[in-house]
Amino acid sequence: MKLAATTKRIIVEIICLLYILLFVYAAVSKLLDFENFQVQLGQSPLLSAFAGWVSWGVVIVELVIALLLVFPRFRLVGLFAAFSLMVMFTTYIFIILNYSSFVPCSCGGILEKMGWTEHLIFNIVFVILAAAGILILRGGVSKERRISKPAALASIFSLSLFCSIGIVALLFMWSEDIIHHRNNFIRRFPHYPTTQIRQMDLKYNSYYFAGTNPGTIYLGNYTTPFQLTVVDTLLKTIKENNIQLDQVNFNFHSAEMRVLDSTFYLFDGTVPCIYKGKIADWEAKLQASIETRYTLAEPVDTNTVVFRAFAPKTGENTLGLFKLAKVNTIYFNPKLLEKQIDGVFDTDGMLKFDKLKHKVVYGYKYRNQYITMDQKLSMVARGKTIDTFSKAKIQVKYLPQSKERKMVAPPFVVNKAIAVHSNLLYVASALPGKYEPIALWETATIIDVYNLQNNSYLFSFPIYNIKKEKMKSFVVEDKQLFAIVGTHLVIYKLNSLFKYNQN
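Residue 177 in my numbering sits at position 163 of the sequence shown; the count goes up by one each step and never skips.
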């Protein structure tokens with residue numbers, strides 16, 4: 015009997031020592047690289063929303079449990095605490111592997127060299143060790159104490175399991191809701207959401223996207239405004255087409271082109287005019303006279319163009335429709351853009367059209383908001399990007415003599431560019447979120463993805479610089495993203511995370 019008792023004591027000592035080494039080493043390694051530890055938690059599909067307090071909580075709990083296991087008097091409590099914590103860690107990994115929207119690159123910390131499955135097995139072994147230690151220590155407890163009774167011990171084990179699993183599951187569901195619908199500026203970066211498949215050097219940095227069709231990219235050029243370049247998506251053929259205008263009696267200032275299906279358009283809102291033609295012959299005809307000067311325009315069907323202009327009475331930005339016919343008609347919807355400061359700079363933004371879902375999207379440049387509309391400019395919904403800047407941070411000065419507005423300080427840009435395709439909104443953000451390494455922002459442009467059906471945030475991914483040049487613009491067509499980075503046209507494949515909703 016004496017030998018058996020000695021053996022049990024040695025086993026408990028070994029179990030406690032293993033846990034002390036595990037928790038102390040894990041806690042110290044986290045503290046030595048605490049910023050990176052927080053970044054890893056911030057990218058966790060389960061704990062993103064709670065990375066701040068969880069990062070400190072885990073370290074403190076690990077050290078407290080290690081301290082309890084040092085003293086024989088508190089070892090039973092310490093082993094129960096270790097058992098519960100390891101059950102939480104095991105549940106966390108199980109949910110990551112089976113229910114998470116993506117699996118992060120690594121667990122981080124002491125076991126970062128392990129895969130997730132190996133880590134799961136490691137944790138289960140330590141759960142068993144803690145349970146074995148509890149059973150051994152329980153044998154030496156006085157019979158008067160309740161824990162010595164099998165029913166009481168089974169109840170404590172069950173309660174510990176239930177609470178540990180329940181806490182992690184609750185955090186997972188709560189975190190998912192916060193991240194997708196009430197985000198406090200925490201991004202998720204899934205592992206390899208995009209893959210660069212090819213690129214080509216355009217030689218000049220004056221190109222912009224005029225449109226896309228399956229297998230084809232259309233590029234305009236600000237220095238040669240009446241030339242449209244057609245590139246196939248394999249980047250093997252490139253052809254330059256000169257646009258033939260039926261009337262040229264305009265002093266063009268800011269001509270841009272757009273392609274929608276088989277029709278191309280040439281816009282210049284400073285004149286103002288709209289030309290329309292077929293890509294089959296690249297001949298454009300001037301549409302009926304347009305009296306309203308406009309600053310942005312996007313075609314939404316053969317005879318309808320959505321535009322942004324200055325409202326005739328107030329001089330503030332407003333959205334409207336041109337109906338192209340023998341006699342053009344104009345419709346304004348002044349309720350869409352919401353004034354905060356001056357109605358011009360504070361409502362500045364980007365206008366895009368989702369040709370698959372027939373939705374118009376306007377994304378504000380200086381605040382965390384966007385508007386979704388149908389083709390008739392009836393508002394569908396208002397949404398928010400994940401940053402917290404709901405009011406434009408700009409300073410505007412009025413010049414009474416010239417009746418102009420001027421910015422008197424550099425504006426605080428929130429969203430740099432947007433694209434929309436099949437109910438997904440892509441936003442090139444200008445602001446780093448919480449727990450994001452600055453090195454990432456120095457080497458890439460971050461794009462956030464939103465679901466326009468429920469206005470929820472999905473995830474983010476980087477578009478890396480080329481020769482220190484950042485991405486200028488991008489579009490999405492089917493399962494590919496096209497970006498202009500410096501002078502390079504780059505094509506990325508979008509993986510299965512980009513689930514296009516065809517409803």
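The C-beta atom is built at its ideal place from N, Cα and C for all residues, glycine as well.
Where I498 is concerned, there is no enclosing alpha helix (DSSP H), although the beta strand (DSSP E) around it starts and stops at 494 to 499. Sequence-distant partners of A96 (beyond 5 residues in either direction) whose C-beta falls short of 6 Å from its own C-beta, in its chain, are Y33, I79, A144. For A40, there is no enclosing beta strand (DSSP E); the enclosing alpha helix (DSSP H) has its first and last residue at 16 to 46. Put simply, the backbone Cα of K507 is about 21 Å away from that of F367. By alpha-carbon distance to I480, the top candidate from L249, D362, M214, R419 is M214. Residues L55, V68, L185, S189 of the same chain have their beta carbon placed closer than 7 Å to that of L61, with the five preceding and five following residues left out of the count.
Beta-bridge annotation (DSSP): L454 is not paired with any residue.
Residue burial is scored here from C-beta neighbours: L466 has at least 16 other C-beta atoms within 10 angstroms and is therefore classed as buried. When DSSP states are grouped into helix, strand and coil, E352 belongs to the coil group. Here S487 is bridged, per DSSP, to I498.
A Cβ-Cβ contact shorter than 8 Å links T501 with K217. At a Cβ-Cβ threshold of 8 Å, G329 and Y345 do not count as neighbours.
Under the three-state reduction of DSSP output, H194 falls in the helix class. Residue environment: I135 is assigned as exposed (fewer than 16 neighbouring CB atoms within 10 Å of its CB, all protein chains considered).
In this structure, the alpha-carbon of Y376 lies about 32 Å from that of V53. Apart from sequence neighbours up to five positions away, the residues of its chain that approach I211 with a beta-carbon distance below 6 Å are I505, K507, ordered along the chain. Less than 8 Å separates the beta-carbon of D462 from that of S474.
For the 8 Å CB-CB criterion, P313 and L280 do not form a contact.
Rounded to whole angstroms, the Cβ separation of A442 and T459 is 6 Å, and the two are in contact under 8 Å. The C-alpha of I293 lies about 55 Å from the C-alpha of A183. For the pair F48 and I29, the Cα-to-Cα distance works out to about 27 Å. Following the DSSP letters along the chain, one finds T243 inside the beta strand (DSSP E) bounded by residues 241 to 246. When secondary structure is reduced to three states using DSSP, L175 falls in the helix class. Excluding sequence positions up to five before and after P228, its CB lies within less than 8 Å of the CB of E491, D492, all in the same chain and listed in chain order. A direct Cα-to-Cα measurement between V244 and K411 gives close to 43 Å.
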